[in-house]
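Read the structure below first, then the notes.
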Amino acid sequence: MNKKTSQPVFRPKRLAAAIGGLALCAGAASVQAGPTINYGEQGSLTLNYELQIWSQYRDFRSEANASDSYDTFLRRNRITAMGQYNDYVGFYAQIEAGNDSKYGNDEKSTYYRDAYITFDWDDSTRFIFGRFKNTFSRENLEACLEPLNLDRGLISYTPFGGTRDTGAAMWGNLADAKFQYRVMVADGREGDDVPKDSPRFTARAHYSVFDPEYSYGYRGTYLGTQRVLTFGAAYDYQADVVYANLPGRTDARDYSAYTVDVFYEEPMQAGTLTLSGAYFDYSVDGAISGDPLLVDDSVAQTAEMQAYYVKAGWLFGEKIGIGRLQLFARHEASDYDRADNYFDNEINAVGANYYLDGQQLKLTFEFADVSFDEQHPTLNSLGDYKQATLGFQMLF
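If you want it as structure tokens, here you go:
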């Protein structure tokens, strides 16, 4: 082997084309990668650091304490290593210590949020193996560090697997990347109380009318760099996932969910308009809606829910001061299949992003008003409340 080409070459701020396809989760790589070490003719390793600091006011402190609360914490705190083994095989690993110092919980444990390898035969046939973002909802697939509003909503998380799951996915782009498909087989819900250890199946597809969204991950805003109109839909399924009668270990029910979504961004001379929305329907066939003495109360209430969100944003065309200003608003509503209305709620939020250097340096402010159809008599988190958050983001 030629010793010259086998030595690592250090080139800061170089963004290899292959890295863009790896940026499924953190979002930083899709904006600007950190330092890159190149090995030989095909291998590379890129390191990123991503930090979000939030200061948050809320007009209740805990379930039992109704007094105001103020908390500053590290919403996301990540180190990412990603790159290419060769032209076909890539890798991605992300270490996370998120929500450190939230509610006084300091010295949060560090863990691997993502760890996977990729195999790209061509643009129409790509594979992912390991732990990575599940491929169900658009908002979950939007880069964590490139949202339109402050953060994604709870309704975008699947009840089993959450944001990530462990398994394998096949995906690709067709028709000049206008059409994208994904299929995923993963662990889904596991544990002693699961009737049967069956795999979780997820399928998603989208069609882009204008500029294609060709990556596995989306963005909540392209900051006026693309004209986008994308329609998407997905289906999620796992058989025999929960007992309707847990003490008796009988009456196993399946989990299924579907979502439809649309994303639109139009750059104009005066600025950029962003609109998006999605509808969700999650179900475990009524397994958690029966007798409270029989149901499995470890199952998230979102497993029986219909919900939707709509979002809008306006990015001013010219700088205001030293940065660019983007205003946004979000409305979401959720309806849980329960005998009571304690969980049914609406969230209305407004805010602004101030981009000092694109997504690399950003300030965000959001005010949210949360209202419930029926307020719980003792739990403050299930009663009406208001919340204000100031966030700072740095990506390197």
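Quick note: to get the numbering used here, add 141 to the position in the sequence shown (first position is 1). Note that the Cβ used here is the ideal one computed from N, Cα and C, for glycine as well. Every value quoted in this text rests on a predicted model; they were computed, and no experiment measured them.
Where do the N-terminal and C-terminal ends of the alpha helix (DSSP H) with Asn281 fall, by residue?
-> The count along the sequence shown starts at 1 and reaches residue 281 at position 140. Looking at the DSSP string, the run of the alpha helix (DSSP H) that includes Asn281 is Arg279 to Leu282.
Report the three-state DSSP secondary structure of Asn482 (helix, strand or coil).
-> Taking the sequence shown and counting its residues from 1, one reaches residue 482 at position 341. Here Asn482 sits in coil by DSSP.
Within the present structure, is the beta-carbon of Val425 separated from the nearest heavy atom of the ligand ADP by less than 7 Å?
-> For the ligand ADP, the structure offers nothing, since it holds no ligand at all.
Please determine if the region 250 to 264 and the region 432 to 445 are in contact, where contact requires at least 3 C-beta pairs separated by less than 8 Å.
-> no
Alpha carbon to alpha carbon, how far is Arg341 from Asp525? Give it in angstroms, no decimals.
-> By 1-based counting over the sequence shown, the position of residue 525 is 384. By 1-based counting over the sequence shown, the position of residue 341 is 200. Roughly 35 Å between the two C-alpha positions.
Mapping DSSP to helix, strand and coil, what is Ala444?
-> Locating residue 444 in the sequence shown gives position 303, where the first residue counts as 1. Residue state, collapsed to three classes: helix.
Between Gln235 and Asp255, is the Cβ-Cβ spacing less than 8 Å?
-> Start at 1 with the first residue of the sequence shown, and residue 235 comes out as number 94. Start at 1 with the first residue of the sequence shown, and residue 255 comes out as number 114. Going by C-beta atoms, Gln235 is nearer than 8 Å to Asp255.
Within 10 angstroms of its Cβ, does Glu459 collect 16 or more other Cβ (buried), or is it exposed?
-> Stepping through the sequence shown from its first residue, residue 459 is reached at position 318. Per the 10 Å Cβ criterion, exposed.
Outcome for Thr519 when other beta-carbon atoms lying within 10 angstroms are tallied against a minimum of 16 | Position 378 of the sequence shown holds residue 519. Exposed, since its Cβ has fewer than 16 Cβ neighbours within 10 Å.
Val425 burial status per 10 Å Cβ neighbour count (16 or more: buried) = On the sequence shown, position 284 is the one that residue 425 refers to. Looking at its Cβ environment, which holds 16 or more other Cβ atoms inside 10 Å, Val425 is buried.
Does DSSP classify Ile236 as helix, strand or coil?
-> Residue 236 sits at position 95 when you count from the first residue of the sequence shown. The answer is strand: DSSP assigns Ile236 an E or B state.
Tell me where the beta strand (DSSP E) around Glu406 begins and ends.
-> Numbered from its first residue, the sequence shown carries residue 406 at position 265. That run of the beta strand (DSSP E) goes Thr391 to Pro408.
Please list the segments of the beta strand (DSSP E) lying wholly inside the region 205 to 273, counting only runs of 3 or more residues, in order along the chain.
-> 210 to 225, 230 to 237 and 252 to 263
Check whether the Cβ atoms of Gly418 and Asp402 sit closer than 8 Å, and answer yes or no.
-> Along the sequence shown, read from residue 1 onward, the residue named residue 418 stands at position 277. Along the sequence shown, read from residue 1 onward, the residue named residue 402 stands at position 261. The answer is yes: Cβ separation under 8 Å.
His517 - containing beta strand (DSSP E), residue span = Taking the first residue of the sequence shown as position 1, residue 517 is located at position 376. Segment: none, His517 is in no beta strand (DSSP E) and carries neither H nor E.
From the DSSP output, in three-state form, read off Ile296 for me.
-> Residue 296 sits at position 155 when you count from the first residue of the sequence shown. Three-state result, Ile296: helix.
Apart from the five residues just before and just after Gly454, which ones in its own chain have a Cβ nearer than 7 Å to its Cβ?
-> The sequence position of residue 454 within the sequence shown is 313, counting from 1. Counting only Cβ-Cβ distances below 7 Å, and skipping sequence neighbours, we find Leu289, Thr362, Thr415, Gln467, Leu468 and Phe469.
Taking the alpha-carbon positions, what's the Trp195 to Thr391 distance?
-> Position 54 of the sequence shown holds residue 195. Position 250 of the sequence shown holds residue 391. Each residue's Cα considered, the two are about 45 Å apart.
For Ser339, three-class secondary structure by DSSP = In the sequence shown, residue 339 corresponds to position 198, counting from 1. Coil, per DSSP.
Using 10 angstroms around the beta-carbon of Thr213, count the other beta-carbons present and answer buried if the total reaches 16, otherwise exposed.
-> Position 72 of the sequence shown, counted from the start, is the residue given in the question as residue 213. So Thr213 ends up on the exposed side.
With 16 other Cβ atoms within 10 Å as the buried cut-off, status of Gln183 = Locating residue 183 in the sequence shown gives position 42, where the first residue counts as 1. Under this definition Gln183 is an exposed residue.
My understanding is that Asn240 touches Arg216, with C-beta atoms under 8 Å, so please give their C-beta distance in whole angstroms.
-> By 1-based counting over the sequence shown, the position of residue 240 is 99. By 1-based counting over the sequence shown, the position of residue 216 is 75. Yes, Asn240 and Arg216 are in contact; Cβ-Cβ is about 6 Å, under 8 Å.
Would Val436 be called buried (16 or more neighbouring beta carbons within 10 Å of its own) or exposed?
-> Here residue 436 corresponds to residue number 295 of the sequence shown, with the count starting at 1. Val436 should be labelled buried.
Which stretch, first to last residue, makes up the beta strand (DSSP E) that contains Ser475?
-> In the sequence shown, counting from the first residue as 1, residue 475 sits at position 334. Unbroken beta strand (DSSP E) run through Ser475: Arg465 to Tyr477.
Helix, strand or coil for Ser203 per DSSP?
-> Counting from 1 along the sequence shown, the entry for residue 203 is found at position 62. In this structure, Ser203 counts as coil in the three-state DSSP scheme.
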